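Colleague: Dumping the structure here so I can ask a few things about it.
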Amino acid sequence: MKIVSAKVIVTCPGRNLVTLKIMTDQGVHGLGDATLNGREKAVVAYLQDHVIPCLIGRDPHRIEDIWQYLYKGAYWRRGPVTMTAIGAVDTALWDIKGKAAGLPLYQLLGGKSREAVMVYCHANGADISEAVDSVAAHMAQGYRAIRAQAGVPGLDKVYGVPKGGAAYEPAEKGLPVETVWSSEKYLDHAPKLFETLREKFGFGLHLLHDVHHRLTPIEAARLGKALEPLRMFWIEDPTPAENQDAFRLIRQHTVTPLAVGEVFNSIWDCKGLIENQLIDYIRATVTHAGGITHLRKIAALAEIYQVRTGCHGATDLSPVCMGAALHFDIAVPNFGVQEHMPHTAETDAVFPHAYSYHDGFMHPGDAVGHGVEIDEALAAKYPYDPAYLPIARLEDGTLTSW
Ligand code: KDG
Ligand code: MG
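Here's what the structure looks like:
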């Protein structure tokens, strides 16, 4: 089998999504997600100008060799643009291998380690009472694991909490929106949200919370300690992870489990945190961490330290990523949980897929490959529409981590 052509499809059925489609001489094609939120066109150019010309004529079955060729061959290693491009190629090649073998992708990854994949959803509210209602509504849909975010008194806009009760969407049209952040106000308020949720719903529900890199290590330690009696499933990205020793400090103060890694793109970002047992869940995912091939290596490293996976699954990862991630999740031994933000109906129509949700769990389906396709004619009806992630400033105007 040979790769004869490849193309990049950009579509915006509610948000911008980038898909790589690789075609072979035997009529089998594969799809990979290449979406890098707010920097989509950089990956498009990287693929079109530097990757696709190198793929033509290669045997798509040689997935590991092509991965190494793109990673080592570029000389310039790692980084979100490079690794997203490699991830898209890798995902498309696994899709082709599955289709050629007549097997769903999870069978190629060793088969099922579980019957279904536990997913967590997002519940948010402008205040605690709205967040409580949102958690109740998601419990009614069967979710057993719920990430809760609530507005903070005195702050106009807070991460994960859009205005008017809408679903959180991680990008806004036009240039970056500026938001104002205060760790002091947040730290006084956040434990109250989870105290209220435990009072109302008890301890039979997994509660998660995303801090979105906002705190200093000692502030993160304070939050972890305050949340300890509330037995969180995890707190996510409590502090930026460039300085990995920060997590040692947090660990010295709290047993609240920690999840990190949605912005990571290689095993080298994860290595110290995993080997030193500074985290409990690794959140790297297929699209941004070099595809199935590289994510498997990250998971294998994590497995020996009892760190479990918790793949990023926001809506800025396309259904192609979701499909591939669910095959990975159902097969990997050290699975923890999978994030699930349902896509819009328009997005689901552009990307027909075999995966499904039922009662708190998802299943990748049994279609061959990863089971996600693209309706190119429909995709063409939604042209690219520039959008950016917001930025955050402290109350005195200082730019801070978003
Ligand atoms: O593009 C950024 C989003 O994916 C991010 O804001 C979502 O933090 C996020 C999450 O946990 O899903
Ligand atoms: Mg997050």
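The opening residue of the sequence shown carries number 660 in my numbering; numbering runs sequentially from there.
Using N, Cα and C, we set each Cβ at its ideal position, and we do this for glycine too.
Since the structure is predicted, the reported quantities are computational estimates derived from the model, not experimental observations.
1) Would you check whether the ligand MG has a heavy atom nearer than 7 Å to the C-beta of His871?
2) Identify, in the order they occur along the chain, each residue of the same chain with its Cβ nearer than 6 Å to the Cβ of Leu867, setting aside the five sequence neighbours on each side.
3) Less than 8 Å between the C-beta atoms of Phe1020 and Val703, yes or no?
4) What ranges does the beta strand (DSSP E) occupy inside the segment 871-904, keeping only unbroken runs of at least 3 residues that lie completely in it?
5) If you compare alpha carbons, which of Val817, Ala825, Gly1028 and Leu814 is closest to Ser793?
6) Are the segment 1047-1059 and the segment 1011-1019 in contact at 8 Å, needing three or more beta carbon pairs?
7) Between the Cα of Gly697 and those of Ala1046, Val687, Thr1059 and Ala983, spot the shortest distance and give me the residue it belongs to.
8) Using only the heavy atoms of the ligand KDG, determine whether one of them is closer than 7 Å to the beta carbon of His971.
9) Could you check whether the Cβ of Asp975 sits closer than 7 Å to any heavy atom belonging to the ligand KDG?
10) If you drop the 5 nearest sequence neighbours on each side, which residues of the same chain put their C-beta closer than 6 Å to that of Cys970?
11) Can we count Leu937 as close to the ligand HEM, meaning its CB is less than 7 Å from some heavy atom?
12) Rounded C-beta distance between Phe987 and Leu767? I'm assuming under 8 Å.
13) Distance, Cα to Cα, Ala1039 vs Ala961?
14) Quick one: is Phe862 buried, meaning 16 or more other Cβ sit within 10 Å of its Cβ, or exposed?
15) Which value, in whole angstroms, describes the spacing of the CA atoms of Ser842 and Ala885?
16) With distances taken Cα to Cα, identify the nearest neighbour of Thr683 among Ala795, Leu752 and Ile941.
17) Does the distance from the CB of Gly995 to the CB of Arg967 come in under 8 Å?
18) Taking the beta carbon of Val919 as the centre, do at least 16 other beta carbons fall within 10 Å, making it buried, or is it exposed?
19) Would you check if the distance between the CB atom of Leu937 and the CB atom of Arg907 is smaller than 8 Å?
20) Please report the residue range of the beta strand (DSSP E) in which Asp1034 lies.
21) Give me the Cα-Cα distance between His1022 and Gly801, rounded to the nearest whole angstrom.
22) Would you call Asn902 buried or exposed, if buried means 16 or more other Cβ atoms sit within 10 Å of its Cβ?
23) Count the other CB atoms within 10 Å of the CB of Trp735; is the residue buried (16 or more) or exposed (fewer)?
24) If you draw a straight line from the C-alpha of Asp847 to the C-alpha of Thr741, how long is it?
25) Might you give, ordered along the chain, the residues of its own chain that have their beta carbon closer than 8 Å to the beta carbon of Tyr827, omitting 5 neighbours on each side?
26) Would you give the residue range spanned by the alpha helix (DSSP H) that Asp754 belongs to?
27) Could you compute how far the alpha carbon of Pro812 sits from the alpha carbon of Cys671?
28) First and last residue of the alpha helix (DSSP H) that includes Ile711?
29) Counting along the chain, where does the alpha helix (DSSP H) carrying Cys980 start and finish?
30) According to DSSP, simplified to helix, strand and coil, what is Met798?
31) Just to confirm before moving on: does the CB-CB distance between Ile681 and Gly673 stay below 8 Å?
32) Please tell me whether, using a cut-off of 7 Å, the distance from the CB of Leu1048 to the nearest non-hydrogen atom of the ligand KDG is below it.
33) What number of angstroms, rounded off, separates the C-alpha of Pro876 from the C-alpha of Ile941?
34) Rounded to a whole number of angstroms, what is the C-alpha to C-alpha distance between Ala665 and Ile715?
35) CA-CA distance, Leu1048 and Glu699?
36) Measure how close the beta-carbons of Thr694 and Leu976 come, nearest whole angstrom, since I'm counting them as under 8 Å.
Modeller: According to the data block:
1) yes
2) Tyr779, Arg806, Phe892 and Trp893
3) no
4) As far as the segment 871-904 is concerned, its whole beta strand (DSSP E) runs of at least 3 residues are 893-895.
5) Comparing Cα-Cα distances from Ser793 to each of Val817, Ala825, Gly1028 and Leu814, the minimum goes to Ala825.
6) no
7) Ala1046
8) yes
9) Distances between the C-beta of Asp975 and the heavy atoms of the ligand KDG include at least one below 7 Å.
10) Thr944, Ala984 and Gln997
11) Among the ligands present in this structure, namely the ligand KDG and the ligand MG, the ligand HEM is not found.
12) That belief does not hold up - the Cβ atoms of Phe987 and Leu767 are roughly 11 Å apart, past 8 Å.
13) For Ala1039 and Ala961, the distance between alpha carbons rounds to 40 Å.
14) By the 10 Å Cβ count, Phe862 comes out exposed.
15) 14 Å
16) Ranking the options by Cα distance to Thr683, first place goes to Leu752.
17) By the CB criterion at 8 Å, Gly995 and Arg967 fall inside the cutoff.
18) Buried, since its Cβ has 16 or more Cβ neighbours within 10 Å.
19) For the pair Leu937 and Arg907, the CB atoms are nearer than the 8 Å cut-off.
20) Asp1034 -> no beta strand (DSSP E), and no H or E assigned at all.
21) 15 Å
22) exposed
23) exposed
24) 40 Å
25) His781, Asn783, Gln808, Gly819, Val820, Pro821 and Met1000
26) Pro739 to Ala760
27) 34 Å
28) Its alpha helix (DSSP H) spans residues Ile711 to Leu714.
29) Pro978 to Ala990
30) helix
31) no
32) yes
33) 18 Å
34) 8 Å
35) 12 Å
36) Contact between Thr694 and Leu976 holds, since their C-beta atoms are separated by about 6 Å, short of 8 Å.
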